[in-house]
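Chemist:
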Amino acid sequence: MTKPLKVKLKILDKRLNADTLPAYATSGSAAMDLRVLLDDKCTIAPGECEMLHTGLAIHLEDPAYAAIILPRSGLGHKRGLVLGNSVGLIDSDYQG
Numbered sequence: 046m047t048k049p050l051k052v053k054l055k056i057l058d059k060r061l062n063a064d065t066l067p068a069y070a071t072s073g074s075a076a077m078d079l080r081v082l083l084d085d086k087c088t089i090a091p092g093e094c095e096m097l098h099t100g101l102a103i104h105l106e107d108p109a110y111a112a113i114i115l116p117r118s119g120l121g122h123k124r125g126l127v128l129g130n131s132v133g134l135i136d137s138d139y140q141g
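For our numbering, count along the sequence shown from 1 and bump the result up by 45.
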């Protein structure tokens, strides 16, 4: 039997609440939806990059695991929004 993975979550932005924390959208979801916190409307022109923040930090206690951030399929296809490095990999020992 596999033991559950312990993930420490640190809230960096007080606007986060039960509705904006990462969560599974449906019972069949393979992953949690991660949202960006914006103060104002953000327009990103074609070819431009923008650093957007989630308002939280995580720490994986088990060094055998890593976290992966993938773009939501509809955002890339319908709106042209993608991650700057296409896949975000968070190692268990990353502390930045």
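All residues carry an ideal CB built from backbone N, CA and C; glycine is no exception.
Whole angstroms are fine: how far does the CA of M77 sit from the CA of T71?
Modeler: Position 26 of the sequence shown holds residue 71. Position 32 of the sequence shown holds residue 77. Answer to the nearest angstrom: the Cα atoms are 9 angstroms apart.
Chemist: Taking only the alpha-carbon atoms, compute the straight-line gap between K86 and K123 and give it to the nearest angstrom.
Modeler: In the sequence shown, residue 86 corresponds to position 41, counting from 1. In the sequence shown, residue 123 corresponds to position 78, counting from 1. Approximately 19 angstroms between the Cα atoms of the pair.
Chemist: Are there three or more Cβ pairs, one per stretch, closer than 8 angstroms when the region 57-75 is compared with the region 109-119?
Modeler: Short answer: they don't touch.
Chemist: Suppose you measure from the CA of L82 to the CA of L126; what does that come to, to the nearest Å?
Modeler: Taking the sequence shown and counting its residues from 1, one reaches residue 82 at position 37. Taking the sequence shown and counting its residues from 1, one reaches residue 126 at position 81. Their Cα atoms are separated by approximately 16 angstroms.
Chemist: Considering only residues of the region 90-123, which uninterrupted beta strand (DSSP E) runs meet the minimum length of 3 residues and lie entirely inside it, listed in chain order?
Modeler: Fully enclosed beta strand (DSSP E) runs of 3 or longer: 101-105 and 111-114.
Chemist: Kindly list the residues whose CB is nearer than 8 angstroms to the CB of R80, restricted to its own chain and excluding five residues on each side of it in sequence; keep chain order.
Modeler: Counting from 1 along the sequence shown, the entry for residue 80 is found at position 35. T65, P67 and T99.
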